[in-house]
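*Asks:* My questions will all concern the structure given below.
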Amino acid sequence: MFKIIILFYILLINSVLADYKLTNLVNNLDSPWSITQVNENIFLINEKGGNIKFFDKSKKTLKKISHNLKILEHGQGGLMDIYFYKDKIYVSYTEEIGKKMESVTSVAVAKFNTKKLEFKNIFQSQPPIRSGYHFGSRIVIKNDFLYVSSGERGGGKIAQDGSKHPGSIIRIKTDGSIPKDNPKFKNKNNWLPEIYLIGIRNVQGMCLSPFDGKIFMTNHGAKGGDWFGKVNYGGNYGWDNLYWGGTKYSGLKGGPKWLPGYDKPIKYYVPSIAISACQIYNGDEFVDWKGDALVVSLKDQSLRKIKFKDNNFISENIIFKDQIGRLRDLKVIKNGKIFILTDQGGLWELSKK
């Protein structure tokens with residue numbers, strides 16, 4: 194019976210892939226972390242070690258753009274997200290503070306230039322922490338407001354401390370100034386003024402819905418408990434009072450899956466799939482997918498499509514699995530096709546056959 198189920202699963206995966214094709218565009222990237230589209234054919238790709246690459250799809254060329262950032266590649270930290278917005282480039286990265294390997298998650302901005310990017314910092318998470326874990330940084334910009342995730346750096350309950358940035362979603366303006374309608378100024382007096390939401394562990398994906406303007410994210414649990422959910426004003430996802438269905442790495446029981454008073458994800462993954470980037474699909478290449486969430490994973494090496502309404506999960510389909518490696522980032526590009534970055538150094542395009 195078990196063999197029959199496995200065979201059915203393999204046939205299902207192959208039948209799905211029969212409708213689409215994966216095309217390798219680049220295969221020599223070094224630990225790529227994120228990609229952003231500048232125009233129809235021009236893309237920028239961040240490599241974790243600190244390189245920013247300029248990719249011209251029409252000419253099939255890849256070159257390095259110099260920049261002035263001093264990046265600390267330490268454990269899971271390094272050069273992380275990149276986001277093009279109104280002729281400017283925004284990045285999140287790990288920055289060393291002092292000389293004791295204490296580091297922060299920083300956000301910097303530069304005017305777009307193909308020769309050299311001169312970045313200026315507009316945010317630094319506080320306090321500096323000596324840890325190579327859980328930087329969890331993605332960027333979304335909505336109406337000149339910049340949202341950035343700051344992982345809890347392995348600090349556990351620091352994510353419940355609104356007087357510190359780790360374990361939170363930050364909201365600032367694109368010039369670095371602080372919005373006067375952030376939660377601190379409304380009902381969260383004990384929070385830092387940049388904080389928009391707390392109680393996250395290690396956010397690996399964040400995206401803006403083109404349909405309703407809401408922001409969604411993916412988050413790593415511990416041993417189990419990955420999830421996909423919405424970024425809510427003044428919200429709290431409960432880490433590490435909650436364990437989202439997972440357990441501690443020691444094998445000991447953690448907190449409950451969920452408790453009233455905390456924000457609730459749309460979709461849990463127990464066991465974990467090492468969920469990474471997400472997008473809300475809007476395009477003409479896969480018309481039937483419009484409004485659905487796309488998420489990719491590292492350990493599970495899959496692309497999944499989630500159908501949901503409001504905060505309620507409806508269904509999920511695996512589009513493909515174990516085909517191109519560990520999937521780090523994905524973007525829906527302007528023609529509706531999908532770009533996917535892998536830890537193995539590949540840039541792939543998913544399209545209809």
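Residue numbers for the sequence shown, in this note's numbering: 194 to 546.
We put the beta carbon where it would ideally sit given N, CA and C, even for glycine.
(1) Which residue marks the beginning of the beta strand (DSSP E) containing isoleucine 290, and which one marks its end?
(2) Quick one, which of Gln397, Ser356, Ile258 has its alpha-carbon nearest phenylalanine 247's?
(3) By DSSP, does aspartate 481 sit in helix, in strand, or in coil?
(4) Is lysine 304 helix, strand or coil by DSSP?
(5) Who are tyrosine 436's beta bridge partners in DSSP?
(6) Three or more C-beta pairs closer than 8 Å, one from the segment 395 to 409 and one from the segment 375 to 386: is that the case here?
(7) How many angstroms separate the CA atom of lysine 446 from the CA atom of tyrosine 436?
(8) Only counting runs of 3 or more residues, tell me where the beta strand (DSSP E) segments fall wholly within the segment 327 to 363, in order along the chain.
(9) Identify every run of the beta strand (DSSP E) within the segment 374 to 399, keeping only runs that are complete inside it and at least 3 residues long; order them along the chain.
(10) If threonine 298 and serine 370 are in contact, beta carbons under 8 Å, what's the gap, nearest whole angstrom?
(11) Suppose you measure from the CA of phenylalanine 312 to the CA of aspartate 522; what does that come to, to the nearest Å?
(12) Could you tell me which of Gln494, Lys498, Gly476, Gly538 sits nearest to lysine 527, measuring between CA atoms?
(13) Specify the secondary structure class of serine 490 as computed by DSSP and reduced to three states.
(14) Quickly, what does DSSP pair alanine 415 with across the bridge? List them, please.
(15) In whole angstroms, what is the alpha-carbon distance linking proline 449 and glycine 418?
(16) Compare the C-alpha of phenylalanine 338 against each of Asp456, Ile511, Asp374 and name the closest.
(17) With the cut-off set at 7 Å, would you say glutamine 472 and leucine 496 are in Cβ contact?
(18) Pull up the distance between the alpha-carbon of phenylalanine 305 and that of asparagine 412, whole angstroms please.
(19) On a Cα-Cα basis, can you pick out the residue from Thr440, Gln494, Glu289, Ile531 that is closest to tryptophan 482?
(20) Counting only the same chain and skipping the five closest in sequence on each side, list residues whose C-beta sits under 8 Å from that of glycine 291.
*Replies:* Looking at the coordinates:
(1) Walking along the sequence shown from the start, residue 290 turns up at place 97. Here isoleucine 290 belongs to no beta strand (DSSP E), and DSSP marks it neither H nor E.
(2) Here residue 247 is taken as the residue at index 54 of the sequence shown, counted from 1. When only C-alpha atoms are compared, the closest one is Ile258.
(3) Here residue 481 is taken as the residue at index 288 of the sequence shown, counted from 1. It is helical.
(4) As a working mapping, residue 304 is identified with position 111 in the sequence shown. Note: lysine 304 maps to strand in three-state DSSP.
(5) Indexing the sequence shown from 1 puts residue 436 at position 243. None; tyrosine 436 has no bridge partner.
(6) no
(7) Residue mapping note: residue 446 aligns to position 253 of the sequence shown, counting from 1. Residue mapping note: residue 436 aligns to position 243 of the sequence shown, counting from 1. One C-alpha to the other measures close to 9 Å.
(8) 332 to 335, 338 to 343
(9) 388 to 391
(10) For the purposes of this step, residue 298 is taken as the residue at position 105 of the sequence shown. For the purposes of this step, residue 370 is taken as the residue at position 177 of the sequence shown. Not quite, the Cβ-Cβ distance comes to about 19 Å (not below 8 Å), so this is no contact.
(11) Numbered from its first residue, the sequence shown carries residue 312 at position 119. Numbered from its first residue, the sequence shown carries residue 522 at position 329. The straight-line gap from Cα to Cα measures roughly 23 Å.
(12) One-based indexing of the sequence shown puts residue 527 at position 334. Closest by alpha carbon: Gly476.
(13) Start at 1 with the first residue of the sequence shown, and residue 490 comes out as number 297. Here serine 490 sits in strand by DSSP.
(14) Taking the first residue of the sequence shown as position 1, residue 415 is located at position 222. Answer is Gly417, bridged to alanine 415.
(15) By one-based count along the sequence shown, residue 449 stands at place 256. By one-based count along the sequence shown, residue 418 stands at place 225. Each residue's alpha carbon lies about 11 Å from the other.
(16) Taking the sequence shown and counting its residues from 1, one reaches residue 338 at position 145. Looking at the Cα atoms, Asp374 is the closest of the given residues.
(17) Numbered from 1 along the sequence shown, position 279 holds the residue referred to as residue 472. Numbered from 1 along the sequence shown, position 303 holds the residue referred to as residue 496. No, Cβ-Cβ distance for glutamine 472 and leucine 496 is not below 7 Å.
(18) The count along the sequence shown starts at 1 and reaches residue 305 at position 112. The count along the sequence shown starts at 1 and reaches residue 412 at position 219. C-alpha separation (whole angstroms): 30 Å.
(19) As a working note, residue 482 is residue 289 in the sequence shown. Closest option to tryptophan 482, Cα to Cα, is Ile531.
(20) Numbered from its first residue, the sequence shown carries residue 291 at position 98. Cβ within range, chain order: Pro321.
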